[in-house]
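In the UniProt record's numbering, the protein residues as written are 1 to 270.
Here a beta-carbon is modelled for each residue, glycine too, at the ideal position from N, C-alpha and C.
If you're wondering where the values come from, they're calculated on a predicted model, not measured in any experiment.
The structure appears right after this line, and notes come after that.
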């Protein structure tokens, strides 16, 4: 099932510009939030993230994976979530706003109960060159985590304004380069002719700035209208504005079904 399209949301988050260096990217989670209780809606649950220096992030590549699991469920600590929002290394997509808001949503309503939100953040192809050695990875692991939230009938309508998002990860890039010397196998073939375009990183020396990505009142109204929250519970949703959104499979994974579904479709933002 395809997720609810929230692409009509306003593209800019707030009229503030990130102060991070142009080579540094940051991903913040705006919604959902840990340990909060939300009212059920006919349209599921929105997922909102912000991307600082989005042009650099797209150029070097990034992947945000997320999943919603009804409790109780098996251990998911070492499982990659199903839903994916990403840009492949070398992506030339640019957005005029910075930070940039990206939205996705579960593809079905959440019944009352307790849920786990599980996420994983990675960079794209990565390599490192040191005196006498070199290494590479198809993906640069940055961070991951999980938290619980509750869906309950009669719960208050969630708010998005006035609360700083959660910084998920920050990475500082130097450049892209070409890695040579891949091991021979059926995928890569002869190492003399196979190369990998990869990103070179350095230690992060700045502090994350999640509070620059707070949703404004107009966006809060837009989300509430689309999801059917609060005073908009019976109102017809109307799509206005523009934005970017994840269009992978926004699936809520119930107990015991997740072991069969595998990894979701990778979305390249373009």
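Check	Outcome
Whole-angstrom C-beta distance between residue 152 and residue 112, which should lie under 8 angstroms	5 angstroms
Residue 358 classed as buried or exposed, judged by whether at least 16 other C-beta atoms fall within 10 angstroms	Nothing about residue 358 can be reported from this structure: the residues present for the chain run from 1 to 270 only.
Contact check, residue 28 vs residue 168, beta carbons under 8 angstroms	yes
Beta carbon of residue 144 nearer than 8 angstroms to that of residue 120	yes
Cβ distance (whole Å) where residue 142 is taken to contact residue 162 below 8 angstroms	Actually they are not in contact, since the Cβ atoms of residue 142 and residue 162 sit about 28 angstroms apart, beyond 8 angstroms.
Beta-carbon proximity check, residue 53 vs residue 91, cutoff 8 angstroms	no
Extent of the continuous beta strand (DSSP E) run through residue 70	62-70
Straight-line Cα distance separating residue 95 from residue 107	26 angstroms
Of the listed residues 147, 130, 125, nearest to residue 138 (C-alpha basis)	125
Spatially closest choice to residue 154 from 19, 26, 21, 40, by CA coordinates	40
Pairwise C-alpha distance: residue 172 and residue 206	9 angstroms
Classification of residue 211 by the beta-carbon crowding that lies within 10 angstroms, buried from 16 upward	exposed
Among 233, 215, 101, the one whose alpha carbon lies nearest that of residue 26	101
Boundaries (first-last residue) of the alpha helix (DSSP H) holding residue 221	217-227
Within 8 angstroms, strictly: CB atoms of residue 165 and residue 50	yes
Cut-off 8 angstroms between Cβ atoms - residues of its own chain near residue 19, not counting five sequence neighbours on either side	209, 212
Residue 231 versus residue 105 - alpha carbon distance	20 angstroms
Cβ shell of residue 179 (< 6 angstroms), same chain only, five flanking positions each side left out	127, 136, 196, 198
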